[in-house]
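J.: Numbering-wise, numbering that gives the first Met the number 0 puts 369 at position 370 of the sequence shown, and it's gapless, one number per residue.
There's a structure below that I have some questions on.
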Amino acid sequence: MSSLNNSPLEIRAVRTTEQQRQFIRLPWQLYRHDQNWVAPLLSQERERFDPKRNPFYQHAEVQLFLAYQAGQPVGRISAQIDHDHNEFWDEQTAFFGFFETLDDQVVGQALLGAAADWGRAADMKALRGPFNFNTNGECGLLVEGFSRPPCVMMTYNPSYYPELLESAGFTKIKDLLAYRLQIDENFLAKNEKLVVRLRALARRAERRGFKVRQINLHDFSTEVTRLRQIYNAAWERNWGFVPMSEAEFLAQGKELKQIAIPELALIAELDAEPVGFGLVIPDAYQALLPLRGRLFPWGIFRLLRGMRRVDGLRFITLGIKGGYRLRGVDALIYSQLIEATLALHRFRSCEFSWLLEDNELIIRACKMVGSRLDKTYRIYEKKL
Numbered sequence: 000m001s002s003l004n005n006s007p008l009e010i011r012a013v014r015t016t017e018q019q020r021q022f023i024r025l026p027w028q029l030y031r032h033d034q035n036w037v038a039p040l041l042s043q044e045r046e047r048f049d050p051k052r053n054p055f056y057q058h059a060e061v062q063l064f065l066a067y068q069a070g071q072p073v074g075r076i077s078a079q080i081d082h083d084h085n086e087f088w089d090e091q092t093a094f095f096g097f098f099e100t101l102d103d104q105v106v107g108q109a110l111l112g113a114a115a116d117w118g119r120a121a122d123m124k125a126l127r128g129p130f131n132f133n134t135n136g137e138c139g140l141l142v143e144g145f146s147r148p149p150c151v152m153m154t155y156n157p158s159y160y161p162e163l164l165e166s167a168g169f170t171k172i173k174d175l176l177a178y179r180l181q182i183d184e185n186f187l188a189k190n191e192k193l194v195v196r197l198r199a200l201a202r203r204a205e206r207r208g209f210k211v212r213q214i215n216l217h218d219f220s221t222e223v224t225r226l227r228q229i230y231n232a233a234w235e236r237n238w239g240f241v242p243m244s245e246a247e248f249l250a251q252g253k254e255l256k257q258i259a260i261p262e263l264a265l266i267a268e269l270d271a272e273p274v275g276f277g278l279v280i281p282d283a284y285q286a287l288l289p290l291r292g293r294l295f296p297w298g299i300f301r302l303l304r305g306m307r308r309v310d311g312l313r314f315i316t317l318g319i320k321g322g323y324r325l326r327g328v329d330a331l332i333y334s335q336l337i338e339a340t341l342a343l344h345r346f347r348s349c350e351f352s353w354l355l356e357d358n359e360l361i362i363r364a365c366k367m368v369g370s371r372l373d374k375t376y377r378i379y380e381k382k383l
């Protein structure tokens with residue numbers, strides 16, 4: 000417990016540039032002794048909270064809050080209304096995110112209360128999260144799996160956070176799972192039957208005219224348009240789905256482009272029409288961990304050197320348009336991703352995340368190749 004816990008607590012809405020700077024920098028203070036925390040890049044965090052540069056603000060309302068004791072920030076939270084989400088699902092739901100606090104129930108409950116009051120004043124019926132800012136960003140509270148750092152674009156938090164939310168009246172609405180696969184020289188031998196089956200299904204898909212190619216990073220804007228069409232069609236029935244605007248998809252695509260490996264970024268087509276895609280990315284957090292969020296003056300060189308040493312992957316997504324499922328397209332993508340991964344000879348692990356806890360088909364597939372549940376993230380909700 001902090002020595003500040005006897006000081007008066009004040010919750011302030013973020014209004015000034017200095018308060019926003021404090022909001023962004025607070026995690027560096029709270030996690031300064033936590034070796035598993037991966038600091039985000041400060042430049043990206045500033046862009047994330049800039050309404051002029053983050054396209055999320057084009058369809059959302061956002062209010063940031065800071066908790067102060069003895070004049071010092073000791074906690075933070077965002078409250079947001081994603082109008083695209085509410086329109087798509089016909090809901091009146093506010094989200095919260097970017098939740099960070101001392102191990103202090105009073106501070107935690109005050110921050111969550113401020114977000115709830117803000118949502119209630121906007122006539123919202125529930126407060127759900129954590130989302131940074133929605134399911135298209137990092138989401139979920141880590142509730143199991145604190146022994147290692149998070150994988151790229153996944154969240155991390157202290158183990159006392161779940162109790163803080165539950166003591167404030169929040170209950171579980173959905174768990175998101177991360178499965179971890181160890182990759183070694185015996186992978187093909189251990190999974191021979193599965194690999195043979197995938198190859199057979201892939202050949203059948205090819206005979207039907209389906210083809211898989213690498214994403215063309217030199218014609219990125221055109222490819223992003225194609226991928227967005229697949230994404231919004233393939234995931235529209237998934238829990239928590241929010242359609243991505245062209246600007247949002249392009250912004251996220253530019254981030255992924257910086258670390259993407261062409262052999263592991265694939266598009267499936269039929270008669271030149273994109274029908275599915277799969278994306279596996281290197282775990283850039285391995286390279287970011289020692290930088291503590293700073294690229295300058297020498298961090299950029301350490302990052303580039305570190306990226307060459309990354310030996311982990313994250314299988315971030317695979318989606319097929321509704322009319323093309325059960326036709327072997329997924330097997331075609333899986334088969335080529337497996338072959339490409341093994342041909343690179345540098346990766347020793349792969350995280351499959353995040354997976355909805357009730358997506359039994361994908362979870363079963365992860366288990367079939369020897370993956371094990373490594374982390375559990377929880378989405379909470381409280382009625383307003």
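From the three backbone atoms N, C-alpha and C, an ideal C-beta is built for every residue, glycine too.
Hey, would you say G275 sits closer than 8 Å to A267, going by beta carbons?
T.: If you number the sequence shown from 1, residue 275 lands on position 276. If you number the sequence shown from 1, residue 267 lands on position 268. Yes; because the gap between Cβ atoms is below 8 Å, this pair is in contact.
J.: Counting only runs that start and end within the segment 43 to 114, where is the beta strand (DSSP E) found for 3 or more residues in a row?
T.: Qualifying beta strand (DSSP E) stretches, in chain order: 59 to 68, 71 to 81, 92 to 100.
J.: Enumerate in chain order the residues of its own chain whose CB-to-CB distance from I332 is below 7 Å, with the five nearest sequence positions on each side excluded.
T.: Taking the sequence shown and counting its residues from 1, the one referred to as residue 332 is at position 333. Once the five neighbours on either side are set aside, the close Cβ partners of I332 are V211, L265, A267, G275, G277, L317.
J.: Rounded to whole angstroms, what is the Cα-Cα separation between T15 and G107?
T.: Numbered from 1 along the sequence shown, position 16 holds the residue referred to as residue 15. Numbered from 1 along the sequence shown, position 108 holds the residue referred to as residue 107. Straight-line Cα distance between these residues: approximately 22 Å.
J.: According to DSSP, is G144 part of a helix, a strand, or is it coil?
T.: Looking up residue 144 in the sequence shown gives position 145. The answer is coil: DSSP assigns G144 none of H, G, I, E or B.
J.: Which whole-angstrom value is the C-beta distance of F209 and L269, which I expect to be below 8 Å?
T.: Residue numbering aside, residue 209 sits at position 210 when the sequence shown is read from its first letter. Residue numbering aside, residue 269 sits at position 270 when the sequence shown is read from its first letter. Contact flag correct, Cβ pair sits at about 5 Å.
J.: Measure from the alpha carbon of R52 to the alpha carbon of each residue in R291, L372, D282, L249, then state which is nearest.
T.: Working through the sequence shown from its first residue, we reach residue 52 at position 53. Ranking the options by Cα distance to R52, first place goes to L249.
J.: Around the C-beta of Q21, are 16 or more other C-beta atoms found within 10 angstroms, so that it is buried, or is it exposed?
T.: Numbered from its first residue, the sequence shown carries residue 21 at position 22. So Q21 ends up on the buried side.
J.: Is DSSP giving K192 helix, strand or coil here?
T.: Residue numbering aside, residue 192 sits at position 193 when the sequence shown is read from its first letter. Here K192 sits in helix by DSSP.
J.: With a threshold of 8 Å, are at least 3 pairs of Cβ atoms found where one atom belongs to the segment 250 to 259 and the other to the segment 90 to 101?
T.: Contact between the segment 250 to 259 and the segment 90 to 101 is absent, because fewer than three Cβ pairs lie under 8 Å.
J.: Tell me the DSSP secondary structure of S1 in three-state form.
T.: Your numbering for residue 1 matches position 2 in the sequence shown. Any reading at S1 must be qualified, since the residue scores a pLDDT of 45, below 50, and its modelled position is unreliable; the value itself is stated next. The answer is coil: DSSP assigns S1 none of H, G, I, E or B.
J.: Do E262 and L343 have their CB atoms nearer than 8 Å?
T.: In the sequence shown, counting from the first residue as 1, residue 262 sits at position 263. In the sequence shown, counting from the first residue as 1, residue 343 sits at position 344. In this structure, L343 lies closer than 8 Å to E262 by Cβ.
J.: Going by alpha carbons, who is nearest to G311 out of P148, I362, A199?
T.: Mapped onto the sequence shown, residue 311 falls at position 312. Answer by Cα proximity: P148.
J.: Go through the segment 229 to 313 residue by residue and report every complete run of the beta strand (DSSP E) that reaches 3 residues or more, in order.
T.: Segments of the beta strand (DSSP E) lying fully in the segment 229 to 313: 264 to 269, 272 to 281.
J.: For the beta strand (DSSP E) containing E9, name the first residue and the last one.
T.: Here residue 9 refers to the residue found at position 10 of the sequence shown. Segment 8 to 12, the beta strand (DSSP E) holding E9.
J.: To the nearest whole angstrom, what separates the beta carbons of L216 and L164, a pair I think is in contact under 8 Å?
T.: Translated into positions along the sequence shown, residue 216 becomes position 217. Translated into positions along the sequence shown, residue 164 becomes position 165. No, L216 and L164 are not in contact; Cβ-Cβ is about 40 Å, not under 8 Å.
J.: Please report the straight-line C-alpha distance between Q19 and Q79, rounded to a whole angstrom.
T.: As a working mapping, residue 19 is identified with position 20 in the sequence shown. As a working mapping, residue 79 is identified with position 80 in the sequence shown. In a straight line, the C-alpha of Q19 is about 16 Å away from that of Q79.
J.: Alpha carbon to alpha carbon, how far is D102 from S1? Give it in angstroms, no decimals.
T.: Reading the sequence shown from its first residue, position 2 is the one you call residue 1. Reading the sequence shown from its first residue, position 103 is the one you call residue 102. Summary for S1: the model assigns pLDDT 45, below 50, so the residue's position carries little reliability; its value from the coordinates is reported in the next sentence. So the alpha carbons of these two residues sit roughly 7 Å apart.
J.: So, does the segment 130 to 146 touch the segment 325 to 339, judging by three or more C-beta pairs under 8 Å?
T.: No, the segment 130 to 146 is not in contact with the segment 325 to 339.
J.: Let me know the alpha helix (DSSP H) ranges lying completely inside the segment 321 to 370, each 4 residues or longer, listed in chain order.
T.: Segments of the alpha helix (DSSP H) lying fully in the segment 321 to 370: 328 to 343, 359 to 367.
J.: Spatial neighbours of W238 within its chain, please: C-beta separation below 7 Å, excluding the five flanking residues on both sides.
T.: Your numbering for residue 238 matches position 239 in the sequence shown. So the qualifying residues of the chain are K173, L355.
J.: With DSSP as the reference, please indicate the residues paired to Y379 in a beta bridge.
T.: Position 380 of the sequence shown, counted from the first residue, corresponds to residue 379. Per DSSP, G128, K171.
J.: Tell me the DSSP bridge mates of C138?
T.: Taking the first residue of the sequence shown as 1, we reach residue 138 at position 139. Note: C138 sits in a beta bridge opposite F130.
J.: Looking at the secondary structure, which residues open and close the beta strand (DSSP E) in which Q213 lies?
T.: As a working mapping, residue 213 is identified with position 214 in the sequence shown. Per DSSP, Q213 belongs to the beta strand (DSSP E) from 209 to 213.
J.: Decide if the segment 65 to 75 is in contact with the segment 192 to 199; the criterion is three or more beta carbon pairs, one per stretch, under 8 Å apart.
T.: Taking 8 Å as the limit for Cβ pairs, the verdict is that the segment 192 to 199 does not touch the segment 65 to 75.
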